[in-house]
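Undergrad: Below is one structure. I have some questions about it.
In the numbering used here, the protein residues as written are 1252 to 1395.
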């Protein structure tokens, strides 16, 4: 959990999230509730994994998806440490996420990506398609 706190608290890593507040506070007193929501929920509407560089034996990011009740679809998330971007971890994580969602019977995954976030190219190269665009974000979807 400490890695997650460092990941989402890192300004350079979370710069893509500037439109939604940038870094995210994740104090230790929140860890148990967060863990219960993401790992002990019997509904199976959530999936979460760290990304790890096995050569250096270090965590480099995280991937997840969850069911968004308001939008009635699964939203995915890929975060890679800023200094680890460009090394293929995002691609590996996104493909892992799609494989897990498919294996868990999810029909498709979506993500809303800030309009100025270059990761949209990663999603498109991994088979996602643009389904909506406005001045703030691009919504992408991949049928599984």
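We put the beta carbon where it would ideally sit given N, CA and C, even for glycine.
(1) Could you please give the first and the last residue of the uninterrupted beta strand (DSSP E) stretch that includes residue 1333?
(2) Which class does residue 1377 belong to by DSSP, given the choice of helix, strand or coil?
(3) Do the CB positions of residue 1356 and residue 1331 come within less than 8 Å of each other?
(4) Can you check whether the CB of residue 1298 is closer than 8 Å to the CB of residue 1316?
(5) Relative to the C-alpha of residue 1343, which candidate in 1322, 1281, 1253, 1302 has its C-alpha closest?
(6) Run through DSSP, which three-state label would residue 1292 get?
(7) Do the region 1255–1272 and the region 1321–1329 make contact, defined as three or more Cβ pairs closer than 8 Å?
(8) Under 8 Å Cβ to Cβ from residue 1394, same chain only, skipping five residues before and after it: list those, please.
(9) Taking the alpha helix (DSSP H) that residue 1304 falls in, what are its first and last residues?
(10) Count the other CB atoms, across all protein chains shown, that sit within 10 Å of the CB of residue 1364; report buried if there are 16 or more and exposed otherwise.
TA: In short:
(1) Residue 1333 -> no beta strand (DSSP E), and no H or E assigned at all.
(2) DSSP places residue 1377 in coil when its eight states are reduced to three.
(3) The answer is no: Cβ separation not under 8 Å.
(4) Going by C-beta atoms, residue 1316 is nearer than 8 Å to residue 1298.
(5) Answer by Cα proximity: 1302.
(6) Under the three-state reduction of DSSP, residue 1292 is assigned to coil, being neither helix nor strand.
(7) Note that the region 1255–1272 does not touch the region 1321–1329; fewer than 3 beta-carbon pairs, one per stretch, sit closer than 8 Å.
(8) Cβ neighbours of residue 1394 beyond the five flanking positions: 1358, 1359.
(9) No alpha helix (DSSP H) contains residue 1304, which is instead part of the beta strand (DSSP E) from 1297–1304.
(10) Under this definition residue 1364 is a buried residue.
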